[in-house]
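Here the structure comes first, spelled out in structure tokens, and everything after it is commentary.
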């Protein structure tokens with residue numbers, strides 16, 4: 001399968017490398033890491049193994065890649081305005097598109113541009129840091145949940161799930177894409193947000209501070225109430241479970257916090273702004289998220 | 001009247017200078033500005049006038065000052081644990097104590113130490129910055145509201161009001177000290193707090209950002225609801241009025257924000273922690289203040 005990875009940050013590098021290792025023809029669209037990847041390949045470090053792909057097909061322009069069977073969009077949502085130009089050369093009528101981007105609104109964005117193509121969304125519950133150019137470190141293997149955007153075929157989403165499963169990624173089919181997008185926000189909204197707003201701290205600081213941990217849980221309750229409004233329900237204790245799975249991560253730096261401290265754009269609208277707007281429009285009160293969003297919008301300006 | 005100023009930051013310098021100019025025998029207890037004040041005096045810059053007191057009685061140790069008629073406490077509340085040692089040499093049974101400190105709990109602290117003395121609290125609604133050693137700049141003259149702490153005599157508070165009035169300070173008697181302490185928090189909690197939490201911004205950024213201004217007003221509503229619970233009521237539109245009086249201040253740096261950006265201790269407990277605890281104990285929900293306090297406690301660590 002010819003797979004184009006659009007946006008080769010931590011997520012793109014990691015899944016692209018695993019898919020290439022499993023025999024797919026993977027093309028990485030890159031910017032900052034391009035020369036290093038061409039020279040040294042892509043390196044993946046995990047807790048129990050590490051590997052280097054000595055040769056990768058790395059490109060700076062999607063014209064050089066051409067039409068692909070599958071396009072995985074892993075560019076930051078803050079750069080969505082540049083996406084059409086990057087995607088057009090990669091897409092014909094049979095191309096499938098899968099966005100692994102954070103937050104809400106990204107699959108709708110692709111569907112609006114390519115209304116006749118199959119569009120899917122994938123949610124990566126994983127801990128990854130790009131620790132050097134073309135080097136990605138994985139802290140927790142986690143899983144990928146893939147579902148069809150409005151109008152896409154569920155069975156084709158299941159085929160995509162197999163592509164990931166066969167590459168060694170725990171992947172599952174999720175019929176309710178919007179639901180799992182909200183589900184991922186249950187972690188991302190508090191931990192990415194508080195890590196920035198509390199001054200650039202790691203997740204251990206949040207779970208170990210009684211006040212910050214209480215705010216994290218209150219934010220989760222707001223997100224879950226909003227998700228309920230959109231038809232997604234959570235099992236009892238889901239917020240506590242988020243804290244429990246975060247504890248063993250230790251001094252983990254959430255991706256948005258890394259973006260922030262390194263001076264890169266932060267996905268403020270995709271992760272905090274759009275959920276706040278959608279929830280408020282659905283009548284859900286979000287006093288904590290309002291405060292966090294107001295601060296982040298300024299801090300990340 | 002022999003007046004000792006304990007803590008010669010912006011507040012202490014400003015009111016001490018005005019009182020000395022009006023003929024009182026003022027002694028400034030100082031630390032960082034001591035040598036400059038001894039050599040150059042104290043300078044006050046206001047929008048419509050400025051003056052220098054060439055000679056001031058500046059001391060580094062309150063033993064050198066001795067017993068005073070009035071002790072004005074204007075040290076940071078974060079340093080309250082050092083207060084007894086500073087105050088003991090200044091106080092005999094006739095000494096009056098007036099705290100001009102921010103936040104809640106400071107007059108009770110003095111009363112606990114000097115149970116037989118008259119203790120008063122004063123709230124300074126004023127914009128001051130100490131712009132250089134022993135130089136204080138005034139942006140808005142504002143007013144001082146003075147009231148008796150539990151058990152102190154109202155008529156003596158009125159005498160204190162005259163001391164300030166005669167020195168050219170708009171001063172008023174307030175029988176309900178706790179009420180005006182909450183009233184001052186209506187401005188201090190949002191503007192000092194958001195200025196820090198939004199990354200070290202001035203008040204103009206807060207009033208000009210729709211999101212931050214909305215959060216500022218929501219914080220004010222919480223503080224006013226708490227004050228109501230303690231018997232203090234506000235006229236309609238009081239929160240909007242706070243925004244209105246803040247607009248002409250322009251790029252004003254609230255005192256806590258200056259402390260924060262200059263690496264000095266911030267009065268997190270007096271301004272945010274103690275009000276939150278008192279309000280929650282009185283059954284008032286404070287979702288916004290909880291979030292702000294959790295962030296500030298970490299940011300100002």
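Chains as they are written, first to last, in the UniProt record's numbering: chain R, 1 to 301; chain A, 1 to 301. In this text, a Cβ means the ideal position worked out from N, Cα and C, and glycines have one as well.
When you compare each of the options to residue i by their alpha carbons, which one comes out closest?
i: residue 104 of chain A; options: A:116, A:126, A:78, A:85; result: A:78
i: residue 259 of chain A; options: A:218, A:196, A:213; result: A:196
i: residue 285 of chain R; options: R:217, R:222, R:175; result: R:222
i: residue 5 of chain A; options: A:175, A:213, A:107, A:29; result: A:29
i: residue 59 of chain R; options: R:281, R:27, R:272; result: R:27
i: residue 115 of chain R; options: R:123, R:122, R:84, R:133; result: R:84
i: residue 159 of chain A; options: A:254, A:120, A:177; result: A:120
i: residue 166 of chain A; options: A:3, A:34, A:128, A:21; result: A:21
i: residue 163 of chain R; options: R:90, R:18, R:252; result: R:18
i: residue 82 of chain A; options: A:110, A:67, A:98; result: A:110
i: residue 200 of chain A; options: A:34, A:263, A:288; result: A:263
i: residue 282 of chain R; options: R:74, R:99, R:38, R:228; result: R:228
i: residue 7 of chain R; options: R:71, R:63, R:23, R:55; result: R:71
i: residue 204 of chain R; options: R:169, R:247, R:174; result: R:247
i: residue 272 of chain A; options: A:207, A:175, A:186, A:100; result: A:186
i: residue 2 of chain R; options: R:9, R:127, R:25; result: R:25
i: residue 9 of chain R; options: R:88, R:93, R:101, R:87; result: R:101
i: residue 46 of chain R; options: R:198, R:129, R:215, R:23; result: R:129
i: residue 302 of chain A; options: A:251, A:278, A:190; result: Summary: the structure shown does not reach residue 302 of chain A, with chain A confined to residues 1 through 301, and so no result is reported for it.
i: residue 173 of chain A; options: A:188, A:226, A:154; result: A:154
i: residue 300 of chain A; options: A:252, A:168, A:257, A:32; result: A:257
i: residue 269 of chain R; options: R:55, R:76, R:206, R:16; result: R:76
i: residue 12 of chain A; options: A:62, A:50, A:38, A:74; result: A:74
i: residue 251 of chain A; options: A:161, A:150, A:233, A:127; result: A:127
i: residue 50 of chain A; options: A:141, A:161, A:23, A:233; result: A:141
Say whether chain R places a C-beta atom closer than 8 Å to the C-beta of residue i.
i: residue 214 of chain A; result: yes
i: residue 297 of chain A; result: yes
i: residue 103 of chain A; result: no
i: residue 198 of chain A; result: yes
i: residue 265 of chain A; result: no
i: residue 205 of chain A; result: yes
i: residue 290 of chain A; result: yes
i: residue 261 of chain A; result: no
i: residue 56 of chain A; result: no
i: residue 6 of chain A; result: no
i: residue 36 of chain A; result: no
i: residue 354 of chain A; result: The question about residue 354 of chain A has no answer, for chain A in this structure spans 1 to 301.
Report the CB separation of residue i from residue j in whole angstroms; it is logged as a contact under 8 Å.
i: residue 224 of chain R; j: residue 139 of chain R; result: Incorrect: roughly 25 Å between the Cβ atoms, too far for contact.
i: residue 217 of chain A; j: residue 243 of chain A; result: 7 Å
i: residue 99 of chain A; j: residue 106 of chain A; result: 5 Å
i: residue 212 of chain A; j: residue 298 of chain R; result: 6 Å
i: residue 253 of chain R; j: residue 202 of chain R; result: 5 Å
Taking the CB atoms as reference points, tell me whether residue i and residue j lie closer together than 8 Å.
i: residue 14 of chain A; j: residue 136 of chain A; result: yes
i: residue 230 of chain R; j: residue 184 of chain R; result: no
i: residue 296 of chain R; j: residue 193 of chain R; result: yes
i: residue 177 of chain R; j: residue 148 of chain R; result: yes
i: residue 67 of chain A; j: residue 97 of chain A; result: no
i: residue 170 of chain A; j: residue 215 of chain A; result: no
i: residue 182 of chain A; j: residue 226 of chain A; result: yes
i: residue 118 of chain A; j: residue 93 of chain A; result: no
i: residue 36 of chain A; j: residue 134 of chain A; result: yes
i: residue 41 of chain A; j: residue 31 of chain A; result: no
Exposed or buried, what is residue i when buried is set at 16 or more other beta-carbons lying within 10 Å of its beta-carbon?
i: residue 306 of chain R; result: Outside the shown range of chain R, which is 1 to 301, sits residue 306 of chain R, and nothing can be said about it.
i: residue 266 of chain R; result: buried
i: residue 275 of chain R; result: buried
i: residue 145 of chain R; result: buried
i: residue 43 of chain R; result: buried
i: residue 64 of chain R; result: exposed
i: residue 16 of chain R; result: buried
i: residue 198 of chain A; result: buried
i: residue 33 of chain A; result: buried
Does any CB atom of chain A fall closer than 8 Å to the CB of residue i?
i: residue 44 of chain R; result: no
i: residue 185 of chain R; result: no
i: residue 268 of chain R; result: no
i: residue 287 of chain R; result: yes
i: residue 284 of chain R; result: no
i: residue 163 of chain R; result: no
i: residue 189 of chain R; result: no
Which residues in chain C have a C-beta closer than 8 Å to the C-beta of residue i? List them in chain order.
i: residue 293 of chain A; result: Of the protein chains in the structure, R and A, none is chain C.
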